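One structure is given here, and the rest of the page talks about it.
Numbering (the working numbering), first residue to last: 8 to 250.
Now the structure itself:
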């Protein structure tokens, strides 16, 4: 078996260690020893963008993505948005932005080269505070979801104040989506407390395996214009909706 080869490494003032490594065709970003992102089973990152735009049901002129990762969510959004749309991407780790321009940019067809993209090395919470009512759609693809944050401070995104900031940054008919590696009942309880409609979609990763799912929580300020379209095809995962 081919061993992992380290491509690049980064750190920050908090002592966190971020590693980019490769084995054969597989690329992986690890944060403090935990897998943060890979180019295997990235379907749910694509669904994050596609379903958000479908559920919004209107023309999206400005989207915010929290977390760049390997660019798969950004690529899916760009492929569906119009030529005049804007996408703001917040990434806390500058090296991850650099890696997307060098080592791994080809994985998602170099989305950072698109002129519609404004990538900011910034905390997404700071951007939310500074830009109320600016976004048609906000997609949170940070950490591994509400229950598994790679740094403690990121939990603020998913608490009551963080969700209020998300809601405040949305336009009146805006939609927010949160990627998660697991079902989070505490997060669902928080969504229940807010005056917006929400639902969860379960994304099958490996054909039919009950233990191979990622999850996306969708929340809309003005309710959803339409329910999920249940198209039946080999490429469509089973969808479960709650809320």
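The beta-carbon is built from N, C-alpha and C at its ideal position, and this holds for glycine as well. Please read these numbers as outputs of a predicted model, since none were measured by experiment.
{"query": "Are there 16 or more other CB atoms within 10 angstroms of the CB of residue 136, so buried, or fewer, so exposed?", "result": "exposed"}
{"query": "Note down, in chain order, each residue of its chain lying with its Cβ closer than 6 Å to the Cβ of residue 31, except the 5 sequence neighbours on either side.", "result": "9"}
{"query": "Counting pairs of beta carbons, one from the stretch 95–103 and one from the stretch 167–175, are three or more of them closer than 8 Å?", "result": "no"}
{"query": "Which ranges would you report for the alpha helix (DSSP H) in the stretch 106–160 if only whole runs of at least 4 residues count?", "result": "131–137"}
{"query": "Would residue 118 and residue 61 be called neighbours here (beta carbons separated by less than 9 Å)?", "result": "no"}
{"query": "Is it right to say residue 63 is buried, meaning 16 or more other beta carbons lie within 10 angstroms of its own, or is it exposed?", "result": "buried"}
{"query": "From residue 76 to residue 148, what does the alpha carbon distance come to, in whole angstroms?", "result": "8 Å"}
{"query": "Between the stretch 29–46 and the stretch 187–203, do three or more beta carbon pairs fall short of 8 Å?", "result": "no"}
{"query": "If I'm right that residue 116 touches residue 93 with Cβ under 8 Å, what's the distance once you round it to whole angstroms?", "result": "Between residue 93 and residue 116 the Cβ distance is about 19 Å, and since that is not below 8 Å, they are no contact."}
{"query": "Taking the C-alpha atoms as reference points, what is the distance between residue 228 and residue 146?", "result": "14 Å"}
{"query": "Looking at the unbroken alpha helix (DSSP H) that takes in residue 51, where does it start and where does it end?", "result": "50–63"}
{"query": "Entirely within the stretch 171–197 and at least 3 residues each: give me those beta strand (DSSP E) ranges in chain order.", "result": "177–187"}
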